[in-house]
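Chains A and B supply the protein sequences, listed in that same order.
Numbering-wise, the numbering used here comes out as the position in the first sequence, counting from 1, plus 4.
Numbering-wise, the numbering used here comes out as the position in the second sequence, counting from 1, plus 4.
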Amino acid sequence: MESIRKKAKELLDSKQVQVIIGYENGTSNKVRAAFITDPTQVDRLIYDERCTQNLAVYLVKHEVKHLGKMGIVATIPVMRTINMLISEEQVKPENVVVLGIGEDGKLLDFPDLTVMESFLQKAKIEITAKDKEAMEKLKKMTTQEKFDYWSNALETCFKCYACRSSCPLCYCTRCAVECNQPQWIPVQANKNGNYEWHMLRAMHLAGRCVSCGDCGRACPLDIPVHLLTMHMAEESKRLFGVDSGFSMKMESVLSNYKLDDKDNFIQ
Amino acid sequence: MEIEKKLIKKASLEKLFEKLQAKGNKIFAPVSKDGKTEFQYNPSYAEVTYDHIQTTQSLKNTVFPKIENLIRFKTDRSGVEVTEVDLTQVQSLVLWGVHPCDAAGFNALKSIFMWDYKDEYFNSRLQKIAVIGLSCHKSDDNCFCTSVGLNPGGTQGCDILLTKLSSGDFLAEIITEKGKAIVTEASELFETAPSETKEGNLAQVNQQFSHEKVTKNLAGAFEHPFWVENSLRCIGCGACAFVCPACACFDIQDETKGKNGKRLRCWDSCGFGLFTIHTSGHNPREVQSQRWRQRILHKFSYMPERNESLGCIGCGRCSRACPVDMNILEQLVSLEKL
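Laid out in structure tokens, this is it:
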């Protein structure tokens, strides 16, 4: 924690960045995002196991970007998200300084983003034991059982879009669900409308999702929507051999076309 | 009418529930499952909880559904044929175990839907509900009913209010004619009122700010840096608005299949970026801080001024549901000192 504060102060004092995006204590024993612009305020920054929000969501937020160059406290999933955002040209590498946090919770020294890139290539990627168990359970289901499970789980969804808003990779200014001329998916927040929305979201994140799980954490109704995108991450690894977010030059698995594609059906 | 007090024993309460169910009433009551409590249609009595602090979702769905089918239509060469929805088909519904803040929430909605234009969809549903309230004996640090003029044993919006007494039996306060009708039909279950009052059996919710002072301060706070400083972490989802018992904004959309279609009224939120966007592309609330400001101003400035009601009942649902800890109580306490 002290090392994060020290590094944050150094970056702000030297004007290398104008804002540090990190975590601070919130209300009711919760933690929340902090935006530190004043070096005397760095003591507000904390880091512990409660700090799971994917802060990269703020790198694309207008009012945060407006503050200037950003330093960001980033765990492994957040670092992978940063790589994705750079790959997709949503974040300029020169606008971000990463205060990386390793698996042991300690601050990592990244003189520049290429060092972060090589760290990530060796880093272990893990989803939580609870998510792993839930995924295994789902995998054992028949197609019909899976369909029933998701129809029921998604029925309560009221389309508040906390899943979309919490996701740093859901940055479209106009989401497909809001296009109504023509209508892409049903308006209604009912079984059918919800199912289509969540399938669309999962497909749009396939090969892009870094499995941070923040969409599921954000859901006020505790619907495990993150299992959908995590499954798509596993599937794209299986089909294309790629884990998302391992370099700043990721190619999107579902929107790239190569003449020398290894699968001949596409040639 | 004058409030009448009676005693209903624990065992008789179960009988009342079953009697209402046997008469064909649909009941909506709180049920706890996997650490979460939500209102559920027609649970068995054994499933109903009396011990929860607050459900995640509010009761507004019962009068202002997340999707309301306004009309059906059919188009062909000769024109459009419109079919009205038959509102006489709205079923009556008993809301059971409603906390006093939620019961008062119906009044906040009423101040909007029955303000200048009387909304018949809302009204026909409102007419069909009976509210059996339950005083709060527990609260958490997100509760602030006493700061918005309500209290854990308040009768506003209830037809009957139950308060659990030290014996485990319940004090029943019969507040409206609707409540009286329920009691009359099950008079054998009600006994003479006990001497024990409800006051000693209520949660202690301390007042944390004066809402009058907040309203006064908001009048000059439109351009205050407070909004940007306190909403940088807001990610612009609709969780707060959708769990809120008093948020009433909606969006009307047509959904068509071939030549047939439905006109739907769907919940909307001022937190969404698209909420105010114009066809031209111009958005008067361009950034999230302006949308957060709107949320607070609507509830604590515009509604008291125009609807003579606050747009907040202090239930704390938005603070509990927010994925990024935008805690409304914390912000209102700061706004009082602005």
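Yeah, the Cβ is synthetic: ideal placement off N, Cα and C, and Gly gets one too.
Fair warning: this is a prediction, and the values are worked out from it, not measured in the lab.
Here Asp226 of chain A is not bridged, per DSSP, to any residue. Contact between the stretch 117–127 of chain A and the stretch 17–35 of chain A is not established, with fewer than three Cβ pairs separated by less than 8 Å.
As for any beta strand (DSSP E) of minimum length 3 sitting wholly inside the stretch 58–115 of chain B, the runs are 71–80, 83–88, 97–102, ordered along the chain. The C-beta separation of Leu11 of chain B from Ala197 of chain B comes to about 6 Å, placing the pair in contact by the 8 Å criterion. In the structure shown, the three-state DSSP call for Lys263 of chain B is coil. Using beta-carbon distances, Gln292 of chain B counts as an interface residue toward chain A, with a partner under 8 Å. Bridge partners of Phe194 of chain B according to DSSP: B:Ile12. Within chain B, the residues Ile239, Cys241, Pro327, Val328 have their CB atoms less than 9 Å from the CB of Ser170 of chain A, given in chain order. In the three-state reduction of the DSSP assignment, Lys217 of chain B falls in the helix class. Listed in chain order, the non-local C-beta contacts of Ala206 of chain A below 6 Å within the same chain comprise Leu232, Thr233, Met236, local neighbours out to five positions each way being set aside. With the criterion set as a beta carbon lying under 9 Å from some beta carbon of chain B, the members of the stretch 204–234 of chain A are Asp218, Arg221, Ala222, Cys223, Pro224, Leu225, Asp226, in sequence order. Between Phe174 of chain B and Ile7 of chain B, the alpha-carbon positions lie close to 16 Å from each other. A contact between stretches requires three or more CB pairs, one per stretch, nearer than 8 Å, and the stretch 206–219 of chain B fails this requirement with the stretch 176–193 of chain B. According to DSSP, residue pairing for Gln187 of chain A in a beta bridge involves A:Asn184. With fewer than 16 neighbouring CB atoms inside 10 Å of its own CB, Asp120 of chain B falls in the exposed class. The three-state reading of DSSP puts Thr147 of chain A in helix, counting H, G and I together.
Taking every protein chain shown into account, the CB of Gln61 of chain B has 16 or more other CB atoms within 10 angstroms, so this residue is buried. Put simply, the backbone Cα of Pro97 of chain A is about 6 Å away from that of Ile90 of chain A. Within chain B, the residues Val291 have their CB atoms less than 7 Å from the CB of His66 of chain A, given in chain order.
Following the DSSP letters along the chain, one finds Asn29 of chain A inside the beta strand (DSSP E) bounded by residues 23–29. Under the Cβ criterion of 8 Å, Cys164 of chain A is counted among the residues facing chain B. Within the same chain, Cβ atoms closer than 7 Å to the Cβ of Lys202 of chain B are found at Ser139, Gly157, Thr167, Leu175, the five residues on either side in sequence being excluded. The beta carbon of Phe123 of chain A sits no closer than 8 Å to any beta carbon of chain B.
Within the DSSP secondary-structure output, Tyr45 of chain B pairs in a beta bridge with B:Phe32. In chain order, Asn234, Ile300 place their CB closer than 8 Å to the CB of Gln335 of chain B, counting only its own chain and leaving out the 5 sequence neighbours on each side. The alpha-carbon of Ser170 of chain B is positioned some 18 Å away from that of Ile57 of chain B. Cβ contact annotation for Cys326 of chain B (same chain, cutoff 7 Å, sequence separation greater than five): Ala243, Cys244, in chain order. DSSP places Leu175 of chain B inside the beta strand (DSSP E), whose first and last residues are 174–178.
DSSP places Ala250 of chain B in the coil class of the three-state scheme, outside both helix and strand. Spanning the alpha carbons of Gly153 of chain B and Val209 of chain B requires a straight line of approximately 12 Å.
A Cβ-Cβ separation of about 7 Å places His302 of chain B in contact with Cys274 of chain B under the 8 Å criterion. Below the 9 Å Cβ cutoff, chain A contributes Lys163, Val191, Gln192, Ala193 as neighbours of Cys270 of chain B, in chain order. Taking a contact to require three or more Cβ pairs closer than 8 Å, the stretch 106–113 of chain B and the stretch 34–42 of chain B do not qualify as touching.
If only uninterrupted beta strand (DSSP E) runs of at least 3 residues are considered, those enclosed by the stretch 107–172 of chain B are 133–138, 164–168. Sorting B:Val328, B:Phe194, B:Leu97 by C-alpha distance to the C-alpha of Leu17 of chain B places B:Phe194 at the top.
Where Met74 of chain A is concerned, the enclosing beta strand (DSSP E) starts and stops at 74–78.
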